[in-house]
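Before any comments, here is the structure.
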Amino acid sequence: MLLRTLQGLAGGALPPMLMTVALRFLPANVKLYGLAGYALTATFGPSLGTPLAALWTEYVGWQWAFWQVVLPCLLAMAAVAYGLPQDPLRLERFKQFNWRGLLLGFPAICMLVIGILQGNRLDWFESPLICVLLAGGLVLLVLFMINEWSQPIPFFKLQMLGIRNLSFALLTLAGVLVVLTAVIIIPSAYLAQVQGYRPLQTAPVMLVMALPQLLALPLVAALCNLRWVDCRWVLGIGLGMLVLSCLGGTHLTSAWIRDDFYVLQLLQIFGQPMAVLPLLMLSTGSITPMEGPFASAWFNTVKGLAAVIATGVLDVLTTRRLHFHSTMLVDSLGNSPLVDDGVAGLARRLHQQAVVLTSADLYYCMAGLAAVLILLIFWLPTRIYPPRAPT
């Protein structure tokens with residue numbers, strides 16, 4: 003647990019540095035490509051987790067799920083040492099360090115995350131532990147926000163939420179990440195529970211969505227870098243593709259195999275970058291380079307919390323809808339002759355059908371969420387032009 007905590011602290015420093023570099027050091031005409039690299043953390047990375055885990059566990063050993071980061075980290079260290087300008091050390095900042103914010107914010111986030119992730123397993127508010135974690139976390143979070151408002155060097159600059167485009171981008175990004183998490187979890191869970199797929203057999207579905215991001219994101223960046231292109235339209239089209247992909251998933255049946263998901267994933271290839279990159283453009287176009295670390299703190303926190311919230315929401319929806327469909331199927335079966343056809347086999351088929359119906363319900367929910375995000379585009383964000391965009 004201690005090592006995982008240290009890993010989280012170390013990894014959490016990388017996205018803020020990436021956004022800061024994109025805003026401070028990159029020439030204006032390639033700045034969007036730097037933000038596209040940041041967007042890979044939301045589109046490329048999560049979809050690559052299942053294939054990599056399957057590769058190591060099936061062919062090498064589970065230990066390589068931890069060792070795999072060593073070589074990329076060494077290469078990244080060399081690239082950072084060579085390519086980034088070195089700012090002078092300012093050790094006097096330790097005297098201004100926000101210790102009160104750390105003592106309030108760290109336990110608040112820990113309590114909320116543990117409460118959300120374990121809430122479904124412990125039956126939420128029926129568990130005193132979950133009640134204490136969520137209530138205590140919320141109280142500490144409120145105190146943390148009050149402290150941040152008056153801090154000269156805060157972890158989160160609350161005043162930035164008054165920037166209309168930034169607030170819209172954070173809100174929409176949270177919703178988009180919930181959808182993106184769902185479109186990874188739903189096919190994986192369905193193929194494992196209904197078709198009996200191992201992670202290695204599910205991996206191609208994820209790779210079809212992940213690998214093309216390396217090409218799709220630069221193409222979307224080039225599109226948004228054109229002055230006559232309104233990135234709000236790009237965002238709307240991207241969200242529309244996510245809606246279509248999720249609506250396609252609502253036609254799921256127990257006969258679907260891995261190949262049936264490929265069409266849905268093809269819509270995700272351009273839908274994901276077109277939904278994420280314009281949000282980064284809208285938000286960063288309204289701030290100065292010196293505000294980049296604060297904006298990155300907001301984005302990184304929203305990204306992490308959205309993944310936790312998505313997991314908690316999907317757990318709740320899955321449990322409730324699975325129980326509902328299981329009950330309805332058993333009630334509709336009644337005195338059917340199928341009841342005599344082997345209790346074990348019947349129970350397995352009922353569970354499979356309940357999983358199918360639950361998966362379709364989850365796709366409906368995600369399509370509805372993406373549609374709501376499209377509606378927000380019409381009245382919240384203002385147009386942002388790309389920096390030094392070519393005509």
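Mapping to my numbering: the sequence shown position 56 is 58, numbers consecutive.
By construction, the Cβ of each residue, glycine as well, lies at the ideal position given by its N, Cα and C atoms.
Where does residue i sit, in a helix, a strand or coil, going by DSSP?
{"i": "N100", "result": "coil"}
{"i": "T88", "result": "In the sequence as displayed, the identity of residue 88 is Gln instead of Thr. Coil at Q88, not helix or strand."}
{"i": "T252", "result": "coil"}
{"i": "W300", "result": "helix"}
{"i": "P388", "result": "coil"}
{"i": "P383", "result": "coil"}
{"i": "T290", "result": "coil"}
{"i": "F199", "result": "Reading off the sequence shown, one finds Tyr at residue 199, where the question assumed Phe. Residue state, collapsed to three classes: coil."}
{"i": "W235", "result": "helix"}
{"i": "Q354", "result": "helix"}
{"i": "R95", "result": "helix"}
{"i": "V265", "result": "helix"}
{"i": "D125", "result": "coil"}
{"i": "Q70", "result": "coil"}
{"i": "A15", "result": "coil"}
{"i": "P48", "result": "helix"}
{"i": "P295", "result": "helix"}
{"i": "I458", "result": "Because the chain in this structure spans residues 3 to 393, residue 458 falls outside the shown range and cannot be described."}
{"i": "T393", "result": "For T393, the pLDDT reaches just 45, beneath the cut-off of 50, and the residue's location in the model is therefore unreliable, although a value from the coordinates is still provided. In this structure, T393 counts as coil in the three-state DSSP scheme."}
{"i": "A212", "result": "helix"}
{"i": "F27", "result": "coil"}
{"i": "G306", "result": "helix"}
According to the Cβ coordinates, are residue i and residue j closer than 9 Å?
{"i": "P220", "j": "A12", "result": "no"}
{"i": "L244", "j": "T174", "result": "no"}
{"i": "V236", "j": "L246", "result": "no"}
{"i": "P275", "j": "V222", "result": "yes"}
{"i": "S298", "j": "A171", "result": "no"}
{"i": "M19", "j": "V82", "result": "yes"}
{"i": "P388", "j": "R229", "result": "yes"}
{"i": "Q161", "j": "V207", "result": "no"}
{"i": "I132", "j": "S288", "result": "no"}
{"i": "Q195", "j": "V357", "result": "yes"}
Any 3 or more C-beta pairs closer than 8 Å across the segment 156 to 176 and the segment 316 to 325:
no
Are three or more beta carbon pairs between the segment 310 to 322 and the segment 360 to 367 nearer than 8 Å?
Enough Cβ pairs lie closer than 8 Å, so yes.
Within the chosen definition, does the segment 121 to 133 reach the segment 51 to 67 through at least 3 CB pairs nearer than 8 Å?
Output reads no: the segment 51 to 67 does not touch the segment 121 to 133.
4-residue-minimum alpha helix (DSSP H) runs that sit fully inside the segment 132 to 197, ordered along the chain
166 to 195
Is it the case that the segment 101 to 109 contacts the segment 134 to 149, given that we only count it when at least three CB pairs across the two stretches are under 8 Å?
yes
Tell me whether the segment 186 to 199 and the segment 350 to 361 touch, counting them as touching only if at least three CB pairs, one residue from each stretch, are closer than 8 Å.
yes
Can you confirm whether the segment 289 to 309 touches the segment 26 to 46 when touching is taken to mean that 3 or more C-beta pairs between the two stretches lie within less than 8 Å?
yes
Using 8 Å as the Cβ pair cut-off and three pairs as the minimum, do the segment 308 to 317 and the segment 254 to 272 touch?
Because the criterion of three Cβ pairs below 8 Å is not met, the segment 308 to 317 and the segment 254 to 272 do not touch.
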